[in-house]
Structures are given as C-alpha cells and as structure tokens.
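Quick note, this note's numbering runs 1152 ahead of the 1-based positions in the sequence shown.
Everything below concerns the one structure shown next.
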Amino acid sequence: MTTRFYYTYVLRSLRDGKLYIGSTGDLKKRLREHQRGGNTSTARRLPFELAFYEAFSTQLDAQRRERYFKTSKGKTTLRQMLKEYLRGAAE
1153 MTTRFYYTYV LRSLRDGKLY IGSTGDLKKR LREHQRGGNT STARRLPFEL
1203 AFYEAFSTQL DAQRRERYFK TSKGKTTLRQ MLKEYLRGAA E
C-alpha cells in the first residue's frame, strides 16, 4: 500500500521577499507550475524558493493548515517558525 501525502507549503519570492502559502497533493509538480508562472497570484513575483512545507495524510488537514497560516494568528506563528530562515534571507 502506497501512502499518499498532501502538503501545505510556503514560498518566498526572491524578487520582493513576500511569502505565498498554498496546499497541494503533488508538491514537486506545484512548485514547477509556480516557477513557470502558471499561477496568477505568483507569476509577477518570480522566482520563488521553497521556504517550508508540512506533509499531511489527508487533503482536508493540509487545507486547514493553509487556511490557518493565512489568518493573522497563523501568520504570526509562521513567522516565528521561520524566524531564522527569514533573518538569513534578509541579510
């Protein structure tokens, strides 16, 4: 039996430093789509690097985490989790 994972991911724009939060069932494919400009939300902020991802056993859990990270409390949590990464990216 193959285990399928669903992902919540965070991209950081190398152009403006802003973060993009999403979820997907195929992380590699989704990252390629972003890098090719296939997403209207991110196309003008290329290129991106993967800053963070989490794997979940259900799509619903990945989507819930995505929605949480998009709330003000979730953004604060995410910034705290990525504090060292973001500090290094700013230097």
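Beta carbons are placed, not taken as given, at the ideal position from N, Cα and C, and that holds for glycine.
Using the three-state DSSP reduction, which class does residue i fall into: helix, strand or coil?
i, result
"residue 1171", "strand"
"residue 1165", "strand"
"residue 1244", "Nothing about residue 1244 can be read from this structure; the chain reaches only from 1153 to 1243."
"residue 1234", "coil"
"residue 1228", "helix"
Is the beta carbon of residue i sitting closer than 9 Å to the one on residue j?
i, j, result
"residue 1237", "residue 1200", "no"
"residue 1220", "residue 1210", "no"
Assuming residue i and residue j are in contact, meaning their beta carbons sit under 8 Å apart, how far apart are those beta carbons, in whole angstroms?
i, j, result
"residue 1187", "residue 1198", "7 Å"
Notebook entry, point to check: Can we say the segment 1173 to 1193 touches the segment 1214 to 1232, given the rule of at least three CB pairs closer than 8 Å?
Noted result: Yes, they touch.
Check: If you pair each beta-carbon of the segment 1156 to 1168 with each one of the segment 1193 to 1211, do three or more pairs fall below 8 Å?
Finding: The segment 1156 to 1168 makes contact with the segment 1193 to 1211; the number of CB pairs closer than 8 Å reaches 3 or more.
Margin query: Please give me, in chain order, every unbroken run of the beta strand (DSSP E) with length at least 3 that falls completely inside the segment 1170 to 1225.
Written below: Counting only runs of 3 or more, we get 1171 to 1176 and 1200 to 1208.
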